[in-house]
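J.: Okay, handing you the structure first.
Numbering (our numbering), first residue to last: 6 to 99.
Next comes the structure, spelled out in structure tokens:
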């Protein structure tokens, strides 16, 4: 009787392949999310620049380092009406 090691068994290979596919899928999803975050941050800065609002380096860095889509959405809405770039970070007054 030949000894067949578990890692060479067809079932083990199937489990490994499923794991690799899951990893690839998670990687693609993470990449898409990172792309959306970067695009949204760049759009906020473009909106300010299109409106001729000066953007200090500190604001540019804060926007580009943000990883929260909800926060970027809020800043994007504010960018449309902001008088200064710093207004992105000012809480709305009720």
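Every residue, glycine too, gets a C-beta built ideally from N, C-alpha and C.
Can you confirm whether the stretch 48-58 touches the stretch 83-93 when touching is taken to mean that 3 or more C-beta pairs between the two stretches lie within less than 8 Å?
T.: Three or more beta-carbon pairs drawn from the stretch 83-93 and the stretch 48-58 are found closer than 8 Å, and the two stretches are therefore classed as touching.
J.: Quick one: using the 10 Å Cβ neighbour count with 16 as the cut-off for buried, is residue 88 buried or exposed?
T.: exposed
J.: Shorter than 7 Å, the distance from the beta carbon of residue 31 to the closest heavy atom of the ligand HEM, or not?
T.: The ligand HEM is not part of this structure, which contains no ligands at all.
J.: State yes or no: is the C-beta of residue 72 within less than 8 Å of the C-beta of residue 42?
T.: yes
J.: Could you tell me if residue 53 is buried or exposed, where buried requires 16 or more neighbouring beta carbons within 10 angstroms of its beta carbon?
T.: buried
J.: DSSP three-state call for residue 87: helix, strand or coil?
T.: coil
J.: Does residue 96 come out as helix, strand or coil in the three-state DSSP assignment?
T.: In the structure shown, the three-state DSSP call for residue 96 is coil.
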